[in-house]
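Notes follow once the structure below has been shown.
Below, the structure written as structure tokens:
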């Protein structure tokens, strides 16, 4: 079955450490996205990528970095510069990113806790 | 900044009743989408309505779009316990971003 895999489901880190969240898709989608979800705040866009080797900042990119070396993979690194990293992180993909973005397919998220 | 805002924030109804939730947005859009999220899971796409469409149906779902008022509504008819979830509207903007609202938490009472 095609889909998006996020791993791990739960992640615990000490403050000051960088951590990388994995996102892999086998849907052959061009576009991929990272969102952060906090209670009562909905989803906020961190980064998105329309094509391999290209990505753009979303609304809350500070303290995060991404890479898109392969079409299937879009890892997110939460750096020590991110002030409040504890959150639920969701990765998504879409067939393309152009005028009128088609439906997003989501992974089941990674819950990151930093203490 | 949040593009879409759902209303109400939370809604509890009896099983079998209809549930209506609304979404307002601020800027011009290419399309508007509705998603469902069960607790602790990813979002699932429900329905997409383009900016030149006014109404769309999918099973028990009915979505309307009023671009003059910059608003959309999602109607779930004959609600079931399995409809208990959070529902989000998402707007596709001219710069290829897709922005989500804060969601409506729907609880179906037995």
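Residue numbers (the working numbering), protein chains in the order written: chain C, 1 to 115; chain W, 1 to 110.
Using N, Cα and C, we set each Cβ at its ideal position, and we do this for glycine too.
These numbers were taken from a predicted model, which means no experiment stands behind them.
If the five residues before and after residue 58(W) are omitted, its C-beta is found closer than 6 Å to the C-beta atoms of 47, all from its own chain and listed in chain order. One finds 103 in chain C with Cβ atoms closer than 7 Å to the Cβ of residue 33(W), taken in chain order. Chain W places no beta carbon closer than 8 Å to that of residue 28(C), leaving this residue out of the contacts. Along the stretch 23-55 of chain C, going in chain order, the ones with a CB nearer than 9 Å to a CB of chain W are 31, 33, 35, 37, 40, 41, 42, 43, 44, 45, 48 and 50.
In the structure shown, residue 38(C) adopts coil according to DSSP, grouped into three states. With a cutoff of 8 Å on beta-carbon distance, residue 21(C) and residue 76(C) are scored as near each other. Counting C-beta pairs closer than 8 Å gives three or more between the stretch 7-16 of chain C and the stretch 99-115 of chain C, which meets the contact rule.
In this model, residue 83(W) and residue 39(W) are separated by some 12 Å (Cα to Cα).
When CB distances to chain C are screened at a threshold of 7 Å, the residues of the stretch 89-101 of chain W falling below it are 92, 96, 97, 98, 99, 100 and 101, in chain order.
Rounded to the nearest angstrom, the gap between the Cα atoms of residue 22(W) and residue 93(C) is 25 Å.
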